[in-house]
Amino acid sequence: MAEQDGADRVSFLLARHGGITNARIRDALAAIGYSPRQGSTLLSLADAGRMSQQALGETMGVDPSVLVGILNDLEDGELVERRRDPADRRRHIVAITAKGERAVADVRSVLAGVDRELFADLDASELAMLRGLLAKVRTKPGDPACTE
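Just so you know, the numbering used here puts the end of the sequence shown at 148, numbered straight through with nothing missing.
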């Protein structure tokens with residue numbers, strides 16, 4: 001295979017599409033009042049149920065100090081609640097509220113719209129193939145992300 005140059009390089013194509021996808025997700029979530037991290041946190045809690053703050057941070061790959069800020073905002077909006085674990089007073093258990101569950105429906109709806117727009121030209125098998133290929137790309141949650 002010939003070496004790829006410039007814009008044809010798969011890593012550049014992925015970075016370009018990733019940047020565009022990121023912007024569309026940010027815009028869609030901002031339209032309903034959330035940041036991507038807030039939306040991701042709500043989705044994580046809706047999917048996993050109540051969990052320790054530490055486990056939530058590990059699941060999301062978010063630094064504990066960053067997670068505190070996210071949870072503070074979500075708690076101020078009455079979307080999540082933190083309570084001390086009765087079995088271990090040093091731990092906080094985070095749970096989504098009824099209002100948070102309603103917010104999750106909105107988050108899922110706008111993200112589904114972004115997906116429909118981005119992947120309109122892919123059929124179900126192509127989308128499954130893309131998902132499988134992306135799962136093989138060697139990245140990990142702690143890798144720094146480009147913010148350009």
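All C-beta atoms, glycine included, are put in the ideal place defined by N, C-alpha and C. These numbers come from a predicted model, not from an experiment.
Query	Result
Opposite I25 in the DSSP bridges: which residues?	Bridge partners of I25: none, in fact.
Helix, strand or coil: how does DSSP classify V110 here?	helix
Given A28, which residues of its chain have a CB within under 6 Å of its CB, disregarding the five upstream and five downstream residues?	V110 and V114
T97 and E81 - do their beta-carbons sit closer together than 7 Å?	yes
Quick one: grab the DSSP three-state call for I96.	strand
How many Å lie between L13 and G19 at the Cα?	10 Å
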